[in-house]
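Under our numbering, the residue at position 288 of the sequence shown is numbered 316, and the numbers go up by one with no gaps. For each residue, glycine too, the CB sits at the ideal point set by N, CA and C. The block underneath contains the structure these notes are about, expressed in structure tokens.
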Amino acid sequence: MRSSVQGSVGSELSLRPAPDPLAALQARGITKRFPGIVANDHIDLDLMPGEIHALLGENGAGKSTLMNMLYGLYRPDEGQIYVRGKEVRFSGPNDAIAVGIGMVHQHFMLIPPLTVTENVMLGDETVMAGVVIDRHAAAKRIAGLSKSYGLEIDPDAKIEDLPVGAQQRVEILKAFYRNADILILDEPTAVLTPQESRELFAIMRSLAEGGKAIVFITHKLKEVLAIADRITVLRHGKMAGTADPKTATETDLASLMVGRTVLLNVEKKPSQPGKVVLDVQQLGVKDNRGHMAVDGLDLQVREGEIFGIAGIGGNGQTELVEALTGLRKPAQGTIKLDEHNITHTSTRALIDMGVAHVPEDRHKYGLVLTYSIADNMCLNTYDESPFAKGVLRNDNAILDFARKLVKRFDVRTTGVEAQARNLSGGNQQKTILARELSRQIRLLIASQPTRGLDVGSIEFIHKQIVAQRDEGVAVLLVSAELDEVMALSDTIGVIYKGKLVATMPRAEATREKLGLLMTGGSTAA
């Protein structure tokens with residue numbers, strides 16, 4: 029289905045500038061409402077050929093909603109979208125693709141067992157005689173596009189055999205295979221190493237120099253300043269302002285995003301590590317396919333210390349955390365907590381022994397989304413006084429407890445009886461943190477604690493983690509965000525193919541050294 033072009037302009041937009049035929053893409057007065065909320069409130073956006081335009085904003089600021097309208101996934105309630113000076117109305121993504129708009133989503137839309145060629149051509153197959161799929165012709169075209177845009181990919185490689193950086197290049201190739209000259213990149217560096225991020229930026233700059241127009245959505249302020257030509261910031265669904273990356277600072281951008289001064293650097297005094305709390309020896313853990321995902325791993329975390337594990341996703345981090353929290357049974361090795369063997373201890377017993385867990389998937393393991401905020405906050409202690417009197421619940425005690433935690437942890441909600449699924453991602457994470465830190469603990473295992481969160485929520489959660497360390501808690505931090513590992517950790521270990529390939533004091537770690545180790549490289553001279 030092709031996009032339709034209409035030239036009507038509402039009276040409200042009569043004061044807005046006329047569409048620019050030289051602009052690749054323009055949004056004028058874009059408004060989108062959902063029940064009880066205005067997600068986008070009269071947003072203007074201009075994107076020029078050859079430009080990398082960064083879009084910043086907190087979770088819930090309206091970035092994704094705006095991009096989904098530009099890509100045809102949503103329809104605006106008000107406003108106009110112009111492509112090369114002509115108004116367009118999209119009934120679906122195919123309409124956006126037809127006028128040259130491509131989108132690379134944060135979570136790759138690839139099928140692992142298929143080849144690069146099969147993934148790229150899926151839905152837009154090259155056929156011979158109108159009947160037979162011509163894989164050879166498609167592969168030849170993909171190889172040509174790969175060479176032209178510097179994307180360096182083997183058309184015959186299987187997706188499951190490619191590193192994440194190469195998989196991202198495949199996603200970009202999918203857009204160009206469909207003749208996109210406007211590219212929307214949603215959090216493109218979320219799973220990349222520093223080296224892969226630099227490679228992506230080089231590709232983006234080359235594409236822009238070739239006339240492509242790029243919208244770059246990210247939470248990483250350093251990256252925005254490094255690559256963007258122009259910056260637009262959204263806050264609470266409205267335009268908060270624009271910035272010039274040549275003169276703006278990270279502090280300027282964070283303040284625009286949040287509406288207040290944000291502490292970007294983690295403030296913490298030197299650690300005072302005590303005795304070993306968590307002692308892991310020769311741990312082996314199998315994944316769901318029966319493969320050894322954690323292979324002979326040794327690890328020690330001391331009280332008053334943050335031990336950060338850096339690594340690309342899929343190198344055994346998930347299985348390691350599940351084994352440490354009783355969610356997956358180890359195949360070999362031992363796990364000790366304060367010298368007690370907990371290798372095969374249940375999750376319930378670990379909670380009683382003082383283990384707190386912030387899981388990487390807050391929806392699957394962190395919350396019962398249909399339960400109230402109050403019930404979620406006492407999931408670990410619902411059977412204890414004052415929340416229970418024998419077999420009876422004490423609802424008043426539960427509600428009172430939850431209200432105190434909501435205030436202490438700044439959970440933004442209409443009330444503690446609201447369902448957890450109605451909270452934003454940041455407030456869901458604060459709810460989990462409030463529950464886990466509301467009791468005396470010995471060990472905090474925080475896995476991807478700020479994944480997908482904005483700078484305001486990240487600032488708050490980092491302060492809470494450091495506060496636990498300062499109270500003598502042993503903290504194991506597992507994060508794909510290298511900046512987070514470096515900012516919080518006192519000691520850093522690098523995991524690769526299920527092994528800790530290096531452990532070092534934070535003072536000895538650099539982004540380059542960790543990035544090499546994360547991809548199986550060596551830092552030896």
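Run of the beta strand (DSSP E) containing residue i, from where it starts to where it stops
| i | result |
| --- | --- |
| residue 532 | 527-533 |
| residue 68 | 65-75 |
| residue 385 | 383-386 |
| residue 510 | No beta strand (DSSP E) contains residue 510, which is instead part of the alpha helix (DSSP H) from 510-516. |
| residue 214 | 210-214 |
| residue 503 | 502-507 |
| residue 379 | Note, residue 379: premise wrong, no beta strand (DSSP E); alpha helix (DSSP H) at 375-380. |
| residue 324 | 320-330 |
| residue 336 | 334-338 |
| residue 57 | 53-62 |
| residue 547 | Unbroken run through residue 547: none, as it is neither H nor E. |
Contact check, residue i vs residue j, beta carbons under 9 angstroms
| i | j | result |
| --- | --- | --- |
| residue 230 | residue 265 | no |
| residue 51 | residue 130 | no |
| residue 257 | residue 79 | yes |
| residue 335 | residue 504 | yes |
| residue 173 | residue 192 | no |
| residue 350 | residue 476 | no |
| residue 210 | residue 128 | yes |
| residue 542 | residue 222 | yes |
| residue 259 | residue 270 | yes |
| residue 53 | residue 75 | yes |
| residue 247 | residue 224 | no |
| residue 263 | residue 284 | yes |
| residue 77 | residue 100 | no |
Spatial neighbours of residue i in its chain, beta-carbon cut-off 6 angstroms, leaving aside the 5 residues before and after
| i | result |
| --- | --- |
| residue 213 | 132 and 244 |
| residue 301 | 330, 332 and 333 |
| residue 125 | 206 |
| residue 528 | 325 and 521 |
| residue 471 | 305, 306, 383 and 502 |
| residue 540 | none |
| residue 327 | 308 |
Neighbourhood of residue i by C-beta distance below 8 angstroms, restricted to the same chain and skipping five residues each side
| i | result |
| --- | --- |
| residue 35 | Note on residue 35: pLDDT 29, under 50, position unreliable in the model; the coordinate value appears next. Excluding residues within five positions, the ones whose Cβ falls inside 8 angstroms are 115. |
| residue 232 | 80, 213, 242, 244 and 255 |
| residue 406 | 415, 426, 429, 430 and 463 |
| residue 452 | 87, 88 and 440 |
Same chain, Cβ closer than 7 angstroms to residue i, neighbours up to 5 away in sequence not counted
| i | result |
| --- | --- |
| residue 68 | 58, 59, 60, 90, 93, 94 and 265 |
| residue 163 | 145 |
| residue 416 | 410 and 422 |
| residue 437 | 458, 461 and 462 |
| residue 282 | 249, 290, 292 and 483 |
| residue 195 | 136, 138 and 187 |
| residue 33 | With a pLDDT of only 29 at residue 33, under 50, the local geometry of the prediction cannot be trusted, and the value read off the model is given with reservation. Hits under 7 angstroms: 114, 115 and 116. |
| residue 456 | 390, 395 and 448 |
| residue 353 | 375, 378, 383, 385 and 473 |
| residue 404 | 395, 396, 448, 459 and 463 |
| residue 312 | 320, 322, 323, 324, 358, 359, 360 and 361 |
| residue 446 | 400 and 401 |
N-terminal and C-terminal residue of the alpha helix (DSSP H) that residue i is part of
| i | result |
| --- | --- |
| residue 248 | It is not in any alpha helix (DSSP H) - residue 248 carries neither H nor E in the DSSP assignment. |
| residue 401 | 401-405 |
| residue 48 | From DSSP, residue 48 is part of no alpha helix (DSSP H); its letter is neither H nor E. |
| residue 523 | That residue, residue 523, is in no alpha helix (DSSP H); its beta strand (DSSP E) goes 519-524. |
| residue 230 | 222-237 |
| residue 390 | Careful: residue 390 lies outside any alpha helix (DSSP H) and carries neither H nor E. |
| residue 348 | 345-352 |
| residue 362 | From DSSP, residue 362 is part of no alpha helix (DSSP H) but of the beta strand (DSSP E) over 360-365. |
| residue 217 | Looking at the DSSP string, residue 217 is not in any alpha helix (DSSP H), and its letter there is neither H nor E. |
| residue 147 | 144-149 |
Short CB-CB distance (under 9 angstroms) between residue i and chain D
| i | result |
| --- | --- |
| residue 317 | Among the protein chains of the structure shown there is no chain D, as only one such chain exists. |
beta-carbon residue i near the ligand GTP non-hydrogen atom, thresh 8 angstroms
| i | result |
| --- | --- |
| residue 234 | As for the ligand GTP, it is missing from this structure, which has no ligand bound. |
*asked:* Under 8 angstroms, with one C-beta from each stretch per pair, do the segment 515-525 and the segment 343-351 reach the 3-pair mark?
replied: yes
*In chain order, which alpha helix (DSSP H) runs of at least 4 residues are fully inside the segment 165-207?*
192-205
_When you compare the segment 98-116 with the segment 50-64, are there three or more beta-carbon pairs, one atom per stretch, that lie closer than 8 angstroms?_
Pairwise C-beta distances place the segment 98-116 in contact with the segment 50-64, as three or more of them are shorter than 8 angstroms.
*Can you list the alpha helix (DSSP H) stretches of 4 or more residues lying completely in the segment 240-315, in chain order?*
249-255 and 278-286
*At which residue ranges does the segment 428-490 contain complete beta strand (DSSP E) runs of 3 or more residues, listed in the order of the chain?*
471-475
*Do the segment 487-498 and the segment 506-518 meet, that is, are 3 or more Cβ pairs less than 8 angstroms apart?*
yes
*Given 8 angstroms as the limit, is there contact between the segment 364-382 and the segment 432-442, that is, 3 or more CB pairs closer than that?*
no
_Which runs of the beta strand (DSSP E) at least 3 residues long sit entirely within the segment 73-142? Give them in chain order._
The segment 73-142 contains, as complete beta strand (DSSP E) runs of 3+ residues, the segments 80-85, 106-111, 114-116 and 129-132 (chain order).
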